[in-house]
Structure formats: C-alpha cells, structure tokens
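Peer 1: Each residue of the sequence shown is one higher than the one before, starting from 20 at the first, in our numbering.
Attaching a single structure in structure tokens format; questions to follow.
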Amino acid sequence: MHHQAHRVRIRHKVWLDAGEQFAVGDGGVDLLRAIDETGSIRAAARRVEWSYRHALAYLDNAEAALGHPLVDRARGGSERGGARLTLAGATFVRRYGAFRQRLDAALIRLYRATFGTS
C-alpha cells in the first residue's frame, strides 16, 4: 500500500520570558496590534477572541515583566474610555514583528538546509 505524502512545513511558537516569568508571545502582540487599531482593550480582546478580563491580566503581567507600560488606559463609563499604545508599546510591537520575520526566514533556511526542499 502506497501512502500519499503530505507537504511538510515548519511550525513554531515563540514567547519571551523575563527571568522565570512569562512576558509576552505572539498572542499578546496580536492583542497589542488590535488595541492600536481599535483604540479599545475590550474591542481588541474581542478581535483576538480573548475575554476582557484575560486581556487585562495579560497586559498587567506583560508590563510588569518587561518593566514599562505598553498601553495608556483611560477608564470607561459614561465618558467612554480608550486605550492606545505607549511609545514603548508601539516600539515593542514594531521590533517584535521585525524579529519574528527574521526568525521565520532563518527557520525556513535551516529547515531547507537540513531536510531539503520539496
């Protein structure tokens, strides 16, 4: 019996730790990008399919681990709050994106060098 070969591709997960504490991963960067686009933590959480409570806890943890605020937050209520990335947050998102692009390209090159192209 002959089995049809499926196309194999490389997959990987990346996250950053600060000491022994989880800091941020791809999902958190997706949340930060969504905050930048929507101006709202609640709307951003909905977009990345996280609960609002999880998004808040994630941001608190990431900011503590990285040592600086990533998001300027204004409380909601009748005035309707909002959120925007701090300069440090925007810089982090930009650098993380560039890092991931370079990492992905390097992993593809390493995979091809090891297993060949098919």
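Quick reminder that beta carbons are idealized off the backbone N, C-alpha and C, glycines included.
Predicted, not measured: the structure shown is a model, and the values here were computed from it.
Quick one: what does DSSP say R30 is sitting in, helix, strand or coil?
Peer 2: Residue state, collapsed to three classes: coil.
Peer 1: From V43 to R94, what distance separates their C-alpha atoms?
Peer 2: C-alpha separation (whole angstroms): 24 angstroms.
Peer 1: How many angstroms separate the CA atom of D91 from the CA atom of V27?
Peer 2: If you take the alpha carbons of D91 and V27, they lie about 42 angstroms apart.
Peer 1: Could you say if the segment 67–74 and the segment 116–134 meet the contact criterion of at least three C-beta pairs nearer than 8 angstroms?
Peer 2: Cβ pair count under 8 angstroms is below three, so no.
Peer 1: How would you call I29, buried or exposed, if buried means at least 16 neighbouring beta carbons within 10 angstroms?
Peer 2: Burial call: exposed.
Peer 1: Can you check DSSP and say which residues form a bridge with V43?
Peer 2: Partner(s): L35.
Peer 1: Classify L122 as buried or exposed, calling it buried when 16 or more other Cβ atoms lie within 10 Å of its own Cβ.
Peer 2: So L122 ends up on the exposed side.
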